[in-house]
Amino acid sequence: MQTLDDIGLEIVKYPIKKVRVQFHAGLWYVEYQRKPKYYFDQWWWFDDSIHSNYSDAAVRAQVLTALGYFEKFEKKKQFILEVKG
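Residue numbers (this note's numbering): 291 to 375.
Now the structure itself:
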């Protein structure tokens, strides 16, 4: 079985500052604001997930709030190996 490391990916954690649950077009949207990395980040809301049930959305929002970050898969930029001598 392959791991993320085998295919050149890693999980990166991005800190967030706010989480909201919003109802739109019959669905519940869980969104977050991340701590500013770029100028527009201070106002922009990013989608996390969409739920048909309010309680599922509320649980996801509580998990995000408790963690204080969201995770994203990204390609590795480098890796370092130690040589035993």
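Where a beta carbon is used, it is the ideal one built from N, C-alpha and C, also for glycine. In this text, all values refer to a predicted model and were calculated from it rather than measured experimentally.
- In the DSSP annotation of this structure, residue 296 is not part of any alpha helix (DSSP H), being labelled neither H nor E.
- The residue among 343, 364, 310 with its C-alpha nearest the C-alpha of residue 355 is 310.
- About 11 Å separates the CB atoms of residue 322 and residue 312; that is not less than 8 Å, and the two are not in contact.
- Here residue 351 is buried. Its C-beta has 16 or more other C-beta atoms within 10 Å.
- Judged by their CB atoms, residue 299 and residue 363 are nearer to each other than the 8 Å cut-off.
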